[in-house]
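Structure first, then comments.
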Amino acid sequence: MKTHCILTLLLGFAALVTNAQSDTGAKKILDEVAKKYDSYKTAQADFGFLVTDAENKSYSDQGTLFLNKVKNQYQIRLKDQQLISDGQSVWTILKEEKEIQITDADNSTDVIGPNNLFTFYKTGFKYIGMSDEKVGANTLSVIEMAPLDTKKNYFKIKVRINKNKHIHDVSIYDKSGSKYTYTIHKLYVNHRIPSSQFVFNNKEYPNFEVVDLR
């Protein structure tokens, strides 16, 4: 599966305006997680993801997310793709295709993107707490969520949370039988990120075709 298809899934879930929780214990944990992430002005996350389809074929990759929440700016670095947003526009750099797509940034809360990636679950889901799970020496709280909108192309999201109330990983189960797991390996918060991380420099991409979709 192409990397840009995976990112489209990750960043393209529509958030709903209805809120219906079914488990007060799970709600308490999620509220604590959301409160912590909402307090951060900047964040840098080293992450990995693994995709397994219905035929048990898999694809994996590693990446880094840089985020300036105050200005709605971000950069996502992957092996075959890079996304840069200055808060107004988004440059999607497809390295294999040697193509750069430019689109308008969507800073609304109606669409899940990097700025609310860790808190998207606050509305639009019913959820339930499951039994804790062990990963190495760590005990993780487990919460499973189902979208209230049954027309979504996914039917379940599983979130595992560590003792620091940070997300360890998120697994998304879609109706085609594929599973997408995003694991946060390292997280750095409220540190200075150079503004150059959020500026597109076309000199770095000679011979790339530019497609302006704005």
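Taken in order, the sequence shown gives residues -20 to -1, 1 to 194; the numbers are from mature numbering (1 follows the signal peptide of the UniProt record, and there is no 0). For every residue, glycine included, the Cβ atom is placed at its ideal position computed from N, Cα and C.
Determine the direct distance from the alpha carbon of residue j to that of residue i, and round the result to whole angstroms.
i	j	result
glutamine 68	arginine 57	19 Å
threonine 161	aspartate 11	22 Å
arginine 140	lysine 114	10 Å
lysine 159	leucine 47	26 Å
aspartate 41	threonine 72	17 Å
leucine 74	threonine 4	43 Å
isoleucine 82	phenylalanine 180	10 Å
tyrosine 17	glycine 116	24 Å
threonine -18	isoleucine 152	Confidence is the limiting factor: at threonine -18 the pLDDT is only 46, short of 50, which leaves the residue's position unreliable and the question unanswerable from this model.
valine 122	lysine 106	14 Å
glutamine 55	lysine 138	25 Å
glutamate 189	lysine 21	34 Å
lysine 59	phenylalanine 27	12 Å
glutamine 53	isoleucine 173	11 Å
valine 191	phenylalanine 29	28 Å
aspartate 66	aspartate 84	10 Å
lysine 136	isoleucine 80	33 Å
aspartate 112	isoleucine 147	14 Å
Return the residue from the list the options that minimises the CA-CA distance to residue i.
i	options	result
serine 156	Tyr162, Tyr134, Val191 and Phe46	Tyr134
threonine 44	Leu167, Met125 and Glu113	Leu167
glutamine 62	Thr119, Leu193 and Tyr185	Tyr185
isoleucine 164	Ile173, Asp149, Asp154 and Phe178	Asp149
aspartate 86	Ala6, Val190, Ile64 and Ile123	Ile64
lysine 143	Asp3, Val13, Lys7 and Thr4	Val13
asparagine 182	Ala23, Lys78 and Gly5	Lys78
aspartate 154	Gly109, Met125 and Pro174	Met125
alanine 25	Phe180, Asn52 and His171	His171
valine 50	Phe178, Val191 and Val190	Phe178
Assign residue i to one of two classes, buried (16 or more other C-beta atoms within 10 Å of its C-beta) or exposed (fewer than that).
i	result
threonine 119	exposed
leucine 193	exposed
asparagine 187	exposed
valine 70	buried
serine 19	exposed
alanine 6	buried
glycine 104	buried
serine 175	exposed
serine 38	exposed
My output table needs one value for residue i: the three-state DSSP class, helix, strand or coil.
i	result
glutamate 35	coil
glutamine 1	Confidence at glutamine 1 is low in this model, with a pLDDT of 47, below 50, so its placement is unreliable and no value can be given for it.
asparagine 48	strand
alanine 126	strand
tyrosine 17	helix
aspartate 11	helix
lysine 59	coil
Taking only beta-carbon positions, decide if residue i is within less than 8 Å of chain C.
i	result
phenylalanine 46	The question asks about chain C, but that chain is absent: this structure has only one protein chain.
The ligand COA and residue i: does the residue's C-beta get closer than 7 Å to at least one heavy atom of that ligand?
i	result
serine 176	Questions concerning the ligand COA fall outside what the structure shown contains, since it holds no ligand whatsoever.
Contact between the region 31 to 39 and the region 112 to 132: three or more CB pairs below 8 Å? no
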